[in-house]
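To start, the structure under review is shown below, and the notes come after it.
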Amino acid sequence: METIRLTTAQALLKFLNQQYLHVDGKEFPFVEGIFNVFGHGNVLGIGQALEQDPGHLKVIQGKNEQGMAHAAIAYSKQMLRQKIYAVTTSSGPGSANVVTAAATALANNIPVLLLPADTFATRQPDPVLQQLEHEHSLAVTTNDAFMAVSRYWDRVTRPEQLMSSLLRAFEVMTDPAKAGPATICISQDVEGEAFDYDVKFFEKRVHYIDRKTPFERELQGAASLIKASKKPVILVGGGAKYSEAREILMKISETCNIPLVETQAGKSTVESTFANNLGGMGITGTLAANKAARDADLIIGLGTRYTDFATASKTAFDFDKAKFLNINVSRMQAYKMDAFQVVADAKAGLEKLYPLLEGYKSEFGNQIQEFKQEWNAERERLSKVSFTRENFNPEIKNHFSQEILNEYADALQTEFVQTTALLAVNETVAPDSTVVCSAGSLPGDLQRLWNTSVPNTYHLEYGYSCMGYEVSGALGVKLAEPDKEVYSIVGDGSFLMLHSELITSLQYKQKINVVLFDNSGYGCINNLQMDHGSGSFNCEFRNADQQIMNIDYAKVAEGYGAKVYRANNAEDLKAALEDAKKQDISTLIEIKVLPKTMTDGYESWWNVGVAEVSESESVQKAYEFRQQKLQQAKQY
Numbered sequence: 001m002e003t004i005r006l007t008t009a010q011a012l013l014k015f016l017n018q019q020y021l022h023v024d025g026k027e028f029p030f031v032e033g034i035f036n037v038f039g040h041g042n043v044l045g046i047g048q049a050l051e052q053d054p055g056h057l058k059v060i061q062g063k064n065e066q067g068m069a070h071a072a073i074a075y076s077k078q079m080l081r082q083k084i085y086a087v088t089t090s091s092g093p094g095s096a097n098v099v100t101a102a103a104t105a106l107a108n109n110i111p112v113l114l115l116p117a118d119t120f121a122t123r124q125p126d127p128v129l130q131q132l133e134h135e136h137s138l139a140v141t142t143n144d145a146f147m148a149v150s151r152y153w154d155r156v157t158r159p160e161q162l163m164s165s166l167l168r169a170f171e172v173m174t175d176p177a178k179a180g181p182a183t184i185c186i187s188q189d190v191e192g193e194a195f196d197y198d199v200k201f202f203e204k205r206v207h208y209i210d211r212k213t214p215f216e217r218e219l220q221g222a223a224s225l226i227k228a229s230k231k232p233v234i235l236v237g238g239g240a241k242y243s244e245a246r247e248i249l250m251k252i253s254e255t256c257n258i259p260l261v262e263t264q265a266g267k268s269t270v271e272s273t274f275a276n277n278l279g280g281m282g283i284t285g286t287l288a289a290n291k292a293a294r295d296a297d298l299i300i301g302l303g304t305r306y307t308d309f310a311t312a313s314k315t316a317f318d319f320d321k322a323k324f325l326n327i328n329v330s331r332m333q334a335y336k337m338d339a340f341q342v343v344a345d346a347k348a349g350l351e352k353l354y355p356l357l358e359g360y361k362s363e364f365g366n367q368i369q370e371f372k373q374e375w376n377a378e379r380e381r382l383s384k385v386s387f388t389r390e391n392f393n394p395e396i397k398n399h400f401s402q403e404i405l406n407e408y409a410d411a412l413q414t415e416f417v418q419t420t421a422l423l424a425v426n427e428t429v430a431p432d433s434t435v436v437c438s439a440g441s442l443p444g445d446l447q448r449l450w451n452t453s454v455p456n457t458y459h460l461e462y463g464y465s466c467m468g469y470e471v472s473g474a475l476g477v478k479l480a481e482p483d484k485e486v487y488s489i490v491g492d493g494s495f496l497m498l499h500s501e502l503i504t505s506l507q508y509k510q511k512i513n514v515v516l517f518d519n520s521g522y523g524c525i526n527n528l529q530m531d532h533g534s535g536s537f538n539c540e541f542r543n544a545d546q547q548i549m550n551i552d553y554a555k556v557a558e559g560y561g562a563k564v565y566r567a568n569n570a571e572d573l574k575a576a577l578e579d580a581k582k583q584d585i586s587t588l589i590e591i592k593v594l595p596k597t598m599t600d601g602y603e604s605w606w607n608v609g610v611a612e613v614s615e616s617e618s619v620q621k622a623y624e625f626r627q628q629k630l631q632q633a634k635q636y
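Be aware that the sequence shown starts at 1, since it is given in this note's numbering, and climbs by one per residue.
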C-alpha cells in the first residue's frame, strides 16, 4: 500500500480538493472553499495547511463565526445544494458561535461542512484556554452542543479517524433526503499530528445525485387521487426548487389547470409572472393563495415540510374535504399531514406522473385568474399607501394611536410606509437580482408582495428565521452568483444582531446591497404582543428618557467603507437604487419607515402561546379566540 505522510489538517484539505458532484450528467467540484476565523485551536493546524497548499479552495477570512457560517449556508442554498463552503473555527467561543448557524442549516436541509476545533486529545494541558470543565465527564466539550443541530456529528481524536469521518460526512451532505450540516470536531493537537495515509484515499471521488423515481404503486395512487379531485392545489416547497422542477411543474399546472401556491423556500421555483402562480401561502401568504387552499379538496405537497407558517398552524385547509398527496425525497416529510406518500425526487416524480394525468383538468376554471387579479389589485393598493398626520388608516397594522405614529414621524423624520418602500425596491431593481431576507416583518411583506420574473431570485431563510442571516446570506449569494446584484432586505433589529460580513464583502470586493428598513424597534414581535392583547412592552427602541432612538446606520456602514444612501421617500429611494447599481463596492441604503405599516395576514391564523390567566381583558379575549381556532385545527 502506497502511503503519504501528512498532518490531519493537510489530509483534510487534500481530501476536500478531490470531492466532486455528478448531477444530470454534469460533474464539478463540490467544495468551493473554506471560511475561517483563526484562533489557537485551528491556526496552527488547518491554518498551516491552508497556507501551505489550499489547492483550488478559495480561502475567505470571516469576521464573526456565525456570520461566515451563514454566508456558507446561503452559498449552498443559492447553488441548489450542489456546492458548499467549509467553515473552520477555533475552539471554545469560536466554535460556540457556529451553533446557531448549524441549526439554521439543519432546519433548512442545507449541506455545509463545519470544522470546529476541539480540546486536546491527550488532555496534557487540560484545562486548555477556553475549555469547559464538567465534574461528571472530562470528555464533554463545547462542541457537544453541535450534536442537536447537526445531521452528522463526529469527534476526531486520532489522525486515522479522519478518513471514516469524512466519508460519512460527505455521504450525508450529498444525499438529498438527508442533506444538512456535517460537523467534524478535530482535537487541536491532532490537527498537527502526522499519519501515513493511503494515497488512494485522496483519489478523485465522485458523489452521484441520482434522482429517485417513484414506484408504479406510488404513481398509480397519486394519479388516482388527482383524477378524483375537483380542485387540487400544488404547494411548492424548497425541495421543488432544489430539484429544479420548474418546467415540469409549469407544464402540469397549465395542462391540468392546477394553481400553484408557495412556501418561503419554494418561492421563485416558478416565477410570479406565471399565470397559475398565486404566490405565498399561509400566515405570510397572499389572499389568492389562501383562498385557493381553502377551496382545495386535494393538497399536493411538493418538497415541503409543512411548517406552521405555510399551513397557518394547520388551519389553512378544509380538513372535512381535503386529502393530501406528498411528493418528497424524504420519507419522513412525505408522511406529514397523514398524506399518500410518493417518496421521490420532485422533478423525477412529476415527470413520471404527468403522462398518467392525460385528459384531466381541474374545476377551478377561471377562478385562478380571478384570485390573482383580486390580489394584484390589493398589491397595487398597498403600493400607494401614504401617511397623514391627521388620520392614518391604511388598513394594514394600526395598533398605535395617531399620536404615537406622529411621534415616530417626528423622531425618525419620515412619513414613509414600509409596504410602499418595499414595492418601490421591487419595481426598481434588475429582474435577475436576488433578494435575501430572514426575520421580522419583512419576510411576510416579501412573500406577499415581492414579484419575481426570473427563477431562483428569492432567497429567504425561513426554516429557522434566524435574525442576522440577512447580510451574511447576501455575501453567500454573491459568491454563488458574482455577476448579479444581490439585495439584503433587513430590519434594524436584525442588522443590529449581526452584520459583520458586510466588512468581508468589502474586503473581498464581493458587492452586496444592504437595504435597511429602520422603524426603531422589533416591529414584528411588537405586532405579535399587541395582536394578542398585550400592550407595547419592551420592543420599541426608546432611550432612558423614553425618547424614540434615531440611529444613523448609514454612518456605521460608511465607516466600514461602503457607499451609503439615506432615503425617506419613494423618489429618493429609487434614485439611490439606481445609483447603487453603478457602484463596484457594497452599498447600504438606510430607509426610515413608520412602524405598523407592514402587511397584515390574509385569512390566516398563527398558533402562539397566550396567557391562560391574565388580569387584562384583552389578553383573556385573545386566549378565548385561540381556543376557538384550535377547534378548527388539525392536531397531527
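Heads up, the beta-carbon is just placed ideally off N, CA and C, and yes, glycines get one too.
Linking Gly67 to Thr504 through their CA atoms gives a straight-line distance of about 10 Å. Straight across, the Cα-Cα distance linking Gly609 with Leu630 is about 12 Å.
Below 8 Å, enough C-beta pairs join the stretch 437–447 and the stretch 491–500 to call them touching: three or more. Between Gly279 and Glu262 a beta carbon distance of about 6 Å is seen, short of the 8 Å cut, so the two are scored as contacting. In the structure shown, Leu166 falls within a helical segment according to DSSP collapsed to helix, strand and coil. A straight line joining the alpha-carbon of Leu115 with that of Phe371 spans about 49 Å. Every unbroken stretch of the alpha helix (DSSP H) spanning 4 or more residues and falling wholly within the stretch 310–373 is given here in chain order: 331–334 and 346–353.
The DSSP-derived three-state label of Trp375 is helix.
Sequence-distant partners of Tyr85 (beyond 5 residues in either direction) whose C-beta falls short of 6 Å from its own C-beta, in its chain, are Glu32, Gly33, Phe35, Ala72 and Tyr75. With a cutoff of 8 Å on beta-carbon distance, Val477 and Val425 are scored as not near each other. The stretch 616–627 and the stretch 333–340 do not touch, with fewer than three beta-carbon pairs separated by less than 8 Å. Ala49 and Gln10 do touch by the CB rule: their CB atoms are close to 4 Å apart, below 8 Å. Judged by their CB atoms, Asp196 and Arg5 are nearer to each other than the 8 Å cut-off.
Relative to Asn328, the option among Leu350, Phe317 and Asp308 whose CA is nearest is Leu350. For Leu298, the pairing in a beta bridge is given by DSSP as Pro232 and Lys323. Residue state for Lys563 is assigned as strand, using DSSP reduced to three classes. Across the structure, Leu106 and Gly180 are spaced so that their CA atoms are roughly 5 Å apart.
Secondary structure in the stretch 481–556: the beta strand (DSSP E) runs of 3 residues or longer, each lying completely within the stretch, are 486–491 and 513–518 in chain order.
The beta-bridge partner set that DSSP reports for Tyr85 consists of Gly33. In this chain, the beta strand (DSSP E) harbouring Gln61 covers Lys58 to Gln61.
Secondary structure of Thr599 (DSSP, three-state): coil.
If you ignore the 5 residues before and after Gln130, its C-beta comes within less than 7 Å of the C-beta of Ser91, Gly92 and Pro93, all in its own chain and listed in chain order. The three-state reading of DSSP puts Cys466 in coil, since its state is none of H, G, I, E or B.
Looking at the DSSP output, Asp126 shares a beta bridge with no other residue. Assigned with DSSP and collapsed to three states, Gly25 falls in coil, not helix or strand.
Per DSSP, the continuous beta strand (DSSP E) segment holding Ile184 begins and ends at Pro181 to Ser187. For Leu114, the enclosing beta strand (DSSP E) begins and ends at Val112 to Asp118.
With respect to Lys267, Gln78 sits apart: the two C-beta atoms are not nearer than 8 Å. Lys361 places its beta carbon 8 Å or farther from that of Cys524.
With 16 or more other CB atoms across the displayed protein chains lying within 10 angstroms of its CB, Ala339 is buried.
Between the stretch 519–535 and the stretch 546–555, the count of Cβ pairs shorter than 8 Å is three or higher; the stretches touch. Under the three-pair Cβ rule at 8 Å, the stretch 601–616 does not count as touching the stretch 573–580. By the criterion of at least three beta-carbon pairs nearer than 8 Å, the stretch 203–213 is not in contact with the stretch 298–316. About 12 Å separates the CB atoms of Asp297 and Lys227; that is not less than 8 Å, and the two are not in contact. Take Ser313, set aside five residues on each side of it, and the residues of its chain with a beta-carbon closer than 7 Å to its own are Trp605, Trp606, Asn607 and Ala633, in chain order. Only residues of its own chain outside the window of five on either side were considered, and among them Tyr242 have a CB closer than 6 Å to the CB of Leu80, listed in chain order.
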